[in-house]
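What follows is a short report on a single structure.
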């Protein structure tokens, strides 16, 4: 089968300290219910600086300056460890500071809904002009700023959603309709953040793959936000909106939703579209969610820690036709949690892990690395949510024991060998399976591993439409086409030599 | 006789651990009454 391949990836973070306080739902709900709470009073002194976010191992792993294995040697907690890396840019992407990102929000705003204070606007315009992926041409599209009085009026009198930087009001997002509940300033703010971070991920993807953006045929967006109006809530579509801002002139696209499982659904669908010949280059992109900022903040503050959910995440994956080099997407080895699968851990792991392996006559131990829910345990453990990747690995290992593929005593060594420490921010879809695709691509191409499984799970029950949750999985594998080509070439060389020898021999006979 | 017999049970399951529905199935093997059951996503 001529599989499609993972041609490249990108991973971006945006440090948004003010958005934790003003836009994270844990904080906004607390302010509504109890505006004078101890938590609201304390949170301001638990916010990390941009430099602290840079000098944080999980951040640097996410953008590719550190490897996941390096987390294993780093004693927890990680937030107080100096990793001596303070790089903004990594091989996968970057960690953008908040002020520049607010400028990018303005550049991603197609309906003049984002108002920025004039001096702030000028300063971020200069920064975007100096950004290696945006530059002067991009920055020049930024419109004139506003007087702060006009912004204050919009926030105080017209329900505008304030945009803050360093604790000061620097702008706002206006409501997009007088009475439409799906076009409120709050919803527009969340959607523009998601769109802008998606644009950033897309720009890095194109940069990393070194492909012309005009070669992208189709974009699949797989975040967790919904854009639409009162007549079609969630009508969409972020994909085309992101593609427009990023300059993908020859593409259209659509959104895939499935809570945290959406990125893995997107990977499977993108690979099928390319393999079927419908499109040549499908870009999967997702921006992040402000709502989840500081989601576990109460526990972090209670334990005297910084609020670690201070970044918005984004990623991009380019799925292309088989180039003979990049890892293939084995979409004939797909796992899925069906409606009738059941919810016991054994049933779930069977559906997602062993069902695809059985199709390929493989054992659980035949997959070198499993990328499950890769949430950073530095964030989740203090909040009582445990080490999510670890519990997933234990369940996979337990099934391997049950199937007689592994000894019970080898369970923890299985976890170490086939698992990883989590490093992704708790941004829902962002940590679900996909954070490892970039590293998997490198390891597979370097021949360090043969096979990786990407597993995405989603909490569908949160939408109150079904009690079910969801999950899908897919295997990435080394591209064997290179070897085939090499073998053919050797055979061809042998054939050529044989022909030359025969010709030489016949000439000798003639003479 | 199960330790749950004649008890009322509140179930809070974890998507990445044991979901509520799975716990509910176990509880149904006793005479306990499930008065609340949900699965939560902690991430």
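Protein chains in written order, with my numbering: chain W, 86 to 596; chain Z, 262 to 304.
Glycine residues also receive a C-beta, built at the ideal position from the N, C-alpha and C atoms.
Problem - Cβ neighbours of residue 331(W) in the same chain (closer than 8 Å, five flanking residues each side left out) - result: 284, 287, 288, 291 and 298
Handout entry: Residues, ordered as in the chain, of the region 266-297 of chain Z that lie near chain W by beta-carbon distance below 7 Å
Key = 276, 277, 278, 279, 280, 282 and 283
Problem - Residue nearest to residue 150(W) in terms of C-alpha spacing, selected from 158(W), 139(W), 160(W) and 157(W) - result: 139(W)
Practice task
Assign residue 318(W) to one of three DSSP states: helix, strand, or coil.
Solution key: coil
Handout entry: Local Cβ density within 10 Å of residue 349(W), reported as buried at 16 or more and exposed below that
Key = buried
Exercise for the section: Mind checking who residue 353(W) pairs with in its DSSP beta bridge? Expected result: Its beta-bridge partners do not exist; DSSP assigns none.
Exercise for the section: Output yes if chain Z places a C-beta closer than 9 Å to the C-beta of residue 519(W); else output no. Expected result: no
Practice task
Kindly identify the DSSP beta-bridge partner or partners of residue 460(W).
Solution key: 509(W)
Practice task
Grab the span of the alpha helix (DSSP H) containing residue 433(W) for me, first residue to last.
Solution key: 430-434
Problem - Residues of its chain near residue 480(W), where Cβ-Cβ distance is below 6 Å and the 5 sequence neighbours each way are ignored - result: 430 and 434
Problem - Terminal residues of the beta strand (DSSP E) in which residue 415(W) lies - result: 413-421
Practice task
May I have the straight-line CA-CA distance separating residue 294(Z) from residue 265(Z), to the nearest angstrom?
Solution key: 9 Å
Exercise for the section: Please report the Cβ distance between residue 270(W) and residue 278(W), rounded to the nearest whole angstrom; I am assuming they are in contact, meaning their Cβ atoms lie under 8 Å. Expected result: Going by Cβ atoms, the distance from residue 270(W) to residue 278(W) rounds to 12 Å, so no, they are not a contact pair.
Exercise for the section: Would you mind working out which of 202(W), 109(W), 193(W) and 144(W) sits nearest residue 172(W), comparing C-alpha positions? Expected result: 144(W)
Handout entry: Where residue 542(W) meets chain C, residues with beta-carbon distance less than 8 Å
Key = This model lacks chain C altogether; the protein chains it does include are W and Z.
Practice task
Using three-state DSSP, classify residue 273(Z) as helix, strand or coil.
Solution key: strand
Practice task
Kindly say whether residue 606(W), judged by its beta-carbon, lies nearer than 9 Å to any beta-carbon of chain Z.
Solution key: Summary: the structure shown does not reach residue 606(W), with chain W confined to residues 86 through 596, and so no result is reported for it.
Practice task
Report buried or exposed for residue 120(W), applying the criterion of at least 16 other Cβ atoms within 10 angstroms of its Cβ.
Solution key: exposed
Problem - Continuous beta strand (DSSP E) stretch holding residue 536(W): start and end - result: 536-543
Problem - CB contact below 9 Å: residue 263(Z) versus chain W - result: no
Exercise for the section: Please compile the residues from chain Z whose C-beta is within a distance smaller than 8 Å of the C-beta of residue 460(W). Expected result: 304
Handout entry: Cβ shell of residue 382(W) (< 8 Å), same chain only, five flanking positions each side left out
Key = 105, 109, 111, 112, 124, 128, 131, 392 and 394
Handout entry: Closer than 9 Å to chain Z by CB, residue 477(W)
Key = yes
Practice task
Could you check if residue 217(W) is buried or exposed, using at least 16 other CB atoms within 10 Å of its CB as the buried criterion?
Solution key: exposed
Handout entry: residue 564(W) to residue 389(W) span [Cα, whole Å]
Key = 48 Å
Handout entry: Candidates 518(W), 551(W), 425(W) and 562(W): closest to residue 442(W) by CA position
Key = 562(W)
Practice task
Name, going along the chain, the residues of the region 402-435 of chain W whose beta-carbon falls closer than 7 Å to a beta-carbon of chain Z.
Solution key: 428, 429 and 430
Exercise for the section: Could you work out which residue in 265(W), 231(W), 116(W) and 440(W) is closest to residue 540(W) when comparing CA atoms only? Expected result: 440(W)
Handout entry: Through-space distance from residue 586(W) to residue 560(W), alpha-carbon basis
Key = 46 Å
Problem - Per-residue DSSP class, three states only, for residue 52(W) - result: It is not possible to answer for residue 52(W), since the shown part of chain W is limited to 86 through 596.
Problem - Limits of the unbroken alpha helix (DSSP H) element including residue 128(W) - result: 123-128
Practice task
Could you tell me whether the Cβ atoms of residue 372(W) and residue 282(W) are closer together than 9 Å?
Solution key: yes
Exercise for the section: Report yes if the CB atom of residue 229(W) is closer than 9 Å to the CB atom of residue 203(W), and no otherwise. Expected result: yes
Exercise for the section: Under 6 Å Cβ to Cβ from residue 268(W), same chain only, skipping five residues before and after it: list those, please. Expected result: 261, 262 and 314
Practice task
Determine contact between the region 327-346 of chain W and the region 533-549 of chain W, defined as no fewer than three beta-carbon pairs at a distance below 8 Å.
Solution key: yes
Handout entry: Under 9 Å between C-beta atoms of residue 404(W) and residue 538(W)
Key = no
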